[in-house]
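Heads up: the structure comes next, in structure tokens.
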Amino acid sequence: MLDGILSAFFLQSGYNATLVTIGACLLGIAAGTSGTFLFLRKRALISDAVAHATLPGVAIAFIIMVFFGGDGRNLVGLLLGSAISSLIGLLAVGWITKYTRLAEDAAIGAVLSVFFGAGIVLLTVIQSMSSGRQAGLEGFLLGSTAGMLFQDAVTIAIGGVIAVLAVFTLRRPMTLAAFDPEYATSTGQNVYRTDLATMGLVMAVTVIGLKIVGLILIVAMLIIPAVTARFWSERAEHVVILAGLFGGAAGYIGSAISASAPDLPTGPIIVLVSFALFCVSLFFAPERGIFSALLRHRRFQLLVHRRQGLLAIAHGERIYDPLTLSTLRKAGFLRADGVATDSGAAQASKTLRDERRWKVARGIYQDDAVSNLYDGLTPIEAVLTRDQIAEIDRHIPVAKQVDGDR
Amino acid sequence: MGAEFVQLSLTPMLIGILAAIACALPGNFLILRRQALIGDAISHVVLPGIVVAFLITGTISTWPMIFGAAAASILAVIIIEAIRRFGKIEPGAAMGVTFTSMFAAGVLLLEQSDTSSVHIDVEHALYGNLESLIWLEAEGWHSLIDPATLATLPDELTRMAAVAVLIGIGTWIFWRPLKISTFDETFAGSIAIPVSAVGFGLVVSAAVAAVAAFDAVGSIIVIAMFICPPAAARLMTNRLESQIMWSILFATLSAILGYVFAGYGPQWIGLDNAVSAAGMIATVSGLILALACFLAPHRKRLGAAENLGQ
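Protein sequences, first through last, are from chains A and B. Everything in the first sequence is counted per my numbering, starting at 2 for the first residue and increasing by one. Everything in the second sequence is counted per my numbering, starting at 329 for the first residue and increasing by one.
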């Protein structure tokens, strides 16, 4: 098993598997990057409508090609058909959203279910045709890389390269339109046309991906890498590049794993690898990850307990909260029997003075930005100048007495 | 329209109608709440639930599968919420991540497990098996009043009927909180309606409808019926009460016409094999929606209609 995966990793497990792996990697890069723009535009699920709308096109293309005496399984012909019908589906979503009172989500759902249903009807028609029994069009539902022809793999690889190049060329206008459509318009950019280009790319990726991951799961390749990348950066350019990397990695690793054993279907494996990358990011990403959020919360909690504990010492109150006690003991402010140490007493009076100064400061600078900075944690020295603090101290008679603790 | 109809077409048609209505009822509220795609998501995540239930019990029996599917739906709702809250990701994308991944896991489990001996596969999950739910023992219309023959009705019919009635009663009982919280969430909260519980209940009833229908007719009808009949009904009227009635009418019409076109349509144009009934029902519901988009009295947005008048 491991040997199989490793040999597939280094493209050693046969010509066909190598082609599929490279194709899936390119497809992943193209899907990840173009999906990012959809995601940033908050229209991720429109790709679901685009993907499901390909099915009737595939079936009609097959029927037409057989009708004219050709081979119905010609991949280029089938992909052309799927592109046309997904374009019609896309236009239908746009039309319904624009000209009726239905919202975009209803339009997406209607188009995807109806086009898919019509596609299923056409598939059953094909099954009853004499040449349709071996059509294997069901492979387009979930993808099928087994027995892929050489020219199919080349078609997918070329398509992937073109899509990646297109993203690279259009990256600036698409980023601008995704982030600030109004500003983009004011600079003379045609946002509507940029949106169309994004949709065109998504369609291209969907059509190219039909053979590898299938129309039900291609949505995952468009959405998951973009969402994953969003965890790691706040900058649009970086999100796009990261999404491309995540998508490419999922495509490469997924198809390598799937090549290592017979009953590991490529499409689902690629999606699950992508989901695994997503889970890692969800938990461990530095700023937005769950663990970093928990850590941040814990640090904040400790700061609050330390501050409140010191204030309690300064007021000569007894502390009962176990977390406060342990925080103060660890900092060396409190002895085991609950009596403050020298440094604890010093810190406590300093904290009390800080709190008093803040109270006065909030009275003086009522409408100022200063009072908004008061969170009960920031020392006043970090906000005000020495002169301002001296001014404040003149309002506090007792402040002189604790000055010596410094 | 005799014995053969009762034997072969009556039960699938009834199951189709009941499934369509059971999905269309919650669909009305989902559409108004801009949650239309929840039906789509649920019908995808049901697959791993059913496969896991099958792997644990080893048989295709109804209750474990329904339980597995319900558990999978709830798990999906939790994951979606977690991604939204912790990752600050918009709900559409969070949904996209969750349902595709769970569906992929379901497909992988299916491929990995030995299910060749039983009838469970992805195609079946997608477009169901409506045509096979026949009533062999029936001998004609008089069988409908014969208790012995009635007992041999397909299980799917009784189950689907029970779920449809359950959802109908639920909608009726919770009508007021459902309606108010759908149209004005803030107001609903101010008169002590538990808004989030109502929302969750709606999603759960959608899941129940989806799971029951999924078993009988496949996910494609489920998605179509959640959206198309209510969407078409939304264009017919401004009143929620009449919208519900229209959506039931459209759902019934789609199921009947779809089944008839699938079964007899090909013969009319000279082909001899029937086509997929599930696909055809979805297609007919789409045609009804398309007609509504062009002709229905309330198809425009309110603002758009005023602009036309000027």
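C-beta: ideal position from N, C-alpha, C; glycine also.
Here leucine 92(A) carries a helix assignment [DSSP, helix/strand/coil]. DSSP links leucine 338(B) through a beta bridge to no other residue. Within the segment 473-539 of chain B, the alpha helix (DSSP H) runs of at least 4 residues that lie entirely inside it are, in chain order, 475-478, 483-501, 503-511 and 513-518. DSSP links alanine 341(A) through a beta bridge to Leu335(A). In terms of beta-carbon proximity, valine 67(A) stays away from the interface with chain B, with every pair separated by 8 angstroms or more. Shown here, arginine 173(A) sits in a helix according to DSSP, grouped into three states. Residue-level contact by beta carbon fails for glutamate 318(A) and chain B, as no gap is shorter than 8 angstroms. In the three-state reduction of the DSSP assignment, isoleucine 30(A) falls in the helix class.
In this structure, the alpha-carbon of arginine 361(B) lies about 8 angstroms from that of phenylalanine 511(B). Non-local C-beta neighbours of proline 287(A) in its own chain, meaning closer than 7 angstroms and more than five positions away in sequence, comprise Ser293, ordered along the chain. Shown here, glutamate 318(A) sits in coil according to DSSP, grouped into three states, outside any helix or strand. Interface residue (Cβ-Cβ distance to chain B less than 8 angstroms): arginine 231(A) is classified as such. Residue nearest to valine 94(A) within the set Leu41(A), Thr22(A), Val371(A) and His53(A) is His53(A) (criterion: CA-CA distance). Taking the CA atoms as reference points, arginine 42(A) sits about 44 angstroms from tryptophan 359(A).
Listed along chain A, the residues sitting closer than 9 angstroms to isoleucine 359(B) by beta-carbon distance are Leu103, Ala104, Asp106, Ala107 and Gly110. Excluding sequence positions up to five before and after isoleucine 349(B), its CB lies within less than 6 angstroms of the CB of Ala492, Ile576 and Ala579, all in the same chain and listed in chain order. Threonine 37(A) is positioned such that its CB atom lies no closer than 8 angstroms to that of serine 87(A). Proximity of chain A to methionine 608(B) at the Cβ level (cut-off 8 angstroms) is accounted for by Gly118 and Val122, in chain order.
The beta-carbon of leucine 113(A) is placed less than 8 angstroms from the nearest beta-carbon of chain B.
With respect to chain B, the C-beta atom of proline 266(A) has a partner C-beta closer than 8 angstroms.
In chain order, Ile217, Leu218, Ala221, Pro269 and Val272 make up the part of chain A whose C-beta sits under 9 angstroms from the C-beta of phenylalanine 431(B). In the structure shown, lysine 628(B) falls within a coil segment according to DSSP collapsed to helix, strand and coil. For threonine 387(B), there is no enclosing alpha helix (DSSP H), as DSSP gives it neither H nor E.
When rounded, the separation of the alpha-carbon atoms in alanine 185(A) and threonine 229(A) is 26 angstroms. Cβ-Cβ distances below 7 angstroms link phenylalanine 276(A) to Ile225 in the same chain, with the five nearest sequence neighbours on each side left out; the list follows chain order.
Between the alpha carbons of tyrosine 592(B) and alanine 602(B) lies a distance of about 7 angstroms. Relative to the Cα of leucine 617(B), the nearest Cα in the group Ile163(A), Leu216(A), Ala32(A) and Ile97(A) belongs to Ile97(A).
Around the beta-carbon of isoleucine 65(A), fewer than 16 other beta-carbon atoms lie within 10 Å, marking it exposed.
Think of a sphere of 8 angstroms around the beta carbon of valine 425(B): the chain A residues whose beta carbon falls inside it are Ala221, Ile224, Ile225, Val228, Phe276 and Phe279, in chain order. Between glycine 110(A) and alanine 364(B), the alpha-carbon positions lie close to 7 angstroms from each other. Arg289, Gly290, Ile291 and Ala294: these are the residues of the segment 288-301 of chain A whose beta carbon lies less than 9 angstroms from some beta carbon of chain B, given in chain order.
Using a Cβ-Cβ cut-off of 9 angstroms, leucine 353(A) is close to nothing in chain B; its nearest Cβ partner there is about 38 angstroms away.
Leucine 324(A) places its beta carbon less than 8 angstroms from that of histidine 306(A). For the C-beta of lysine 331(A), not a single chain B residue is nearer than 8 angstroms; the gap to the nearest is close to 29 angstroms.
Contacts between glycine 420(B) and chain A, judged by CB atoms closer than 8 angstroms, involve Lys43, Arg44, Ala45, Leu46 and Asp106 in chain order.
In this structure, alanine 227(A) sits near glycine 33(A), with a CB-CB distance shorter than 8 angstroms.
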